[in-house]
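Residue numbers (mature numbering (1 follows the signal peptide of the UniProt record, and there is no 0)): -24 to -1, 1 to 112.
Ideal Cβ placement from N, Cα and C applies to all residues, glycine included.
Fair warning: this is a prediction, and the values are worked out from it, not measured in the lab.
Have a look at the structure below, then the notes.
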């Protein structure tokens, strides 16, 4: 999946070594090991949503806590992807204002803390690496 023409605002690699536990904060690291120019993620929490029936797939809600060092504009998309070896797959796409406290006239301003609530992410059973990517 080539995204070479899209400017990334924030790239976070969350190492989910204990995903089956699905409780509490998760260890994570950045691709570049030093964060990025648009902000920092302080912690990630994951909670499992209950299944409705035996045929229902389990889903997760991912909470991303961070601080913005640059404005993150309205219209930014949040992609939740997973990586298993060389394969990367898309799990869910969100509009920034659907998962944060921003509205159609405001953005996440530089110097502020933010919380992104990413609901209904399908649990696919890969427990090594999940990538959260933000694009405008």
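TODO: Give me whichever residues DSSP pairs with residue 23 in a beta bridge.
DONE: 37
Open item on the list: What would DSSP say about residue 100, mapped onto helix, strand or coil?
Closed with: coil
Task: DSSP-derived helix/strand/coil call for residue -2 - done: Unreliable placement is indicated for residue -2, whose pLDDT of 44 sits below 50; the coordinate value is still reported in the next sentence. Residue -2: coil per DSSP, three-state reduction.
Task: residue 54, DSSP secondary structure in three states - done: strand
- [ ] Counting only the same chain and skipping the five closest in sequence on each side, list residues whose C-beta sits under 6 Å from that of residue 16.
- [x] 42, 43
TODO: Give the range of the beta strand (DSSP E) segment to which residue 61 is assigned.
DONE: That residue, residue 61, is in no beta strand (DSSP E); it is neither H nor E in DSSP.
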